[in-house]
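Protein chains in written order, with my numbering: chain A, 8 to 149; chain B, 96 to 238.
Below is one structure, written out as structure tokens; the observations come after it.
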Amino acid sequence: MTEASSAIEKLKSKVGVEWEPREYEVGREMIRLFARAVGDSNPLWQDGTIAPPTFILSIGFEQFVEDLMNLTPFNTVLMGSTDIECYQPVRLGDTITVVFKISNLRERQGEMGKMAFMTFDSSYKNQKQETVAKCRQMVIGY
Amino acid sequence: MSKQRYYQDVAVGDEVTPLVKEPTTRQLVMWAGAVGDYMPIHYDKDFARSRGLSGVIVHGQLVGAFLGQLMTDWIGERGTLRKLSCSYKGMNYPGEAVTCKGGVVKKYVENEQHFVECNLWAENPKGERTASGMAIVILPSRG
């Protein structure tokens, strides 16, 4: 078995299993840095009290990617798709708890070897236990 | 900021005001820091080439965020972006414009909320669609 296929076997056992919840506190400069990175000059987010809807993508993502890369021998992931449902805006001072889960995994032989198409779901709750957003994203590891 | 857009102002077939973004490698580095996506294909040209790409590529999620901005700019301060979906179909490269466009495909009232559904896409300078998707927004009503 190649390194890539054994890693995919390992990943398969994680499908449908929720990862440990992690908490993130939303700071003013996180919101402002995000808006600057997008180049989004909408006055709504300039003072860092309310976050643009896509800000949710930044919450817990670094840790998630690190965990994912530790589980796989892939040295690259490409984003395949992003779906975001927003129920309420994320605000300065919110504590967001995020839970990730791989919901689907497919593999294919590509030009550069084994590729894995991984769909992962994430849900985000604030400190009042209200769901603020849900995301489903597909990434391609190779 | 432009004046507030209302549900009554919008008709099926209307164009969403296009948004042109010109991502630079500097912007990719800022995005990497802002979301914590440090995949080297977005800042290391040699690494990107070793993975079969012709150079450093724009993060898919950054294109997704551009499409988010396309919508939040269009719906104004009192509009709400409820859903944003996009699939990344091709690569965008720093130094090349990413033009975000969309159109109204449906409008409806449900539970007294005024929904507008749009299709969206991002084009590279050749006019090829590198991402496409849809959005559902809620607009204020004059009624």
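Cβ coordinates follow ideal geometry from the N, Cα and C atoms, glycine included.
From a predicted model like this one, the values you see are computed outputs, not experimental measurements.
- Cβ-Cβ distances below 8 Å link serine 65 of chain A to Met37 and Phe41 in the same chain, with the five nearest sequence neighbours on each side left out; the list follows chain order.
- Following the DSSP letters along the chain, one finds threonine 89 of chain A inside the beta strand (DSSP E) bounded by residues 84-93.
- For tyrosine 183 of chain B, a Cβ of chain A is located within less than 8 Å of the residue's own Cβ.
- Residues are counted here when their Cβ sits less than 7 Å from a Cβ of chain B; for the stretch 46-62 of chain A these are Gly46, Asp47, Asn49, Pro50, Leu51, Pro59, Pro60 and Thr61, given in chain order.
- The residues Ile136 and Met186, in chain order, have a CB closer than 8 Å to that of leucine 148 of chain B in the same chain once the five nearest residues on each side in sequence are set aside.
- Along the stretch 133-147 of chain B, the positions whose C-beta sits under 7 Å from a C-beta of chain A are Met134, Ile136, Arg146 and Gly147, read in chain order.
- Apart from sequence neighbours up to five positions away, the residues of its chain that approach aspartate 109 of chain B with a beta-carbon distance below 8 Å are Gly198 and Val199, ordered along the chain.
- Sequence-distant Cβ neighbours of phenylalanine 124 of chain A in its own chain, meaning closer than 6 Å and more than five residues away, are Arg113 and Ile147.
- Within the stretch 88-117 of chain A, the residues whose Cβ lies closer than 7 Å to some Cβ of chain B are Ser88, Thr89, Asp90, Ile91, Glu92 and Cys93, listed in chain order.
- The C-beta of alanine 123 of chain A comes no closer than 8 Å to any C-beta of chain B.
- For the set B/Gln103, B/Gln99 and B/Lys98, the Cα lying nearest the Cα of glycine 238 of chain B is the one of B/Gln103.
- Judged by DSSP in its simplified three-state form, proline 113 of chain B adopts strand.
- For leucine 85 of chain A, the closest of A/Cys142, A/Thr126 and A/Arg29 by C-alpha to C-alpha distance is A/Thr126.
- According to DSSP, residue pairing for tyrosine 183 of chain B in a beta bridge involves B/Ala226.
- For arginine 173 of chain B, the three-state secondary structure derived from DSSP is coil.
- Against chain A, a Cβ distance below 8 Å from threonine 167 of chain B picks out Asp47, Asn49, Leu51, Pro59 and Pro60.
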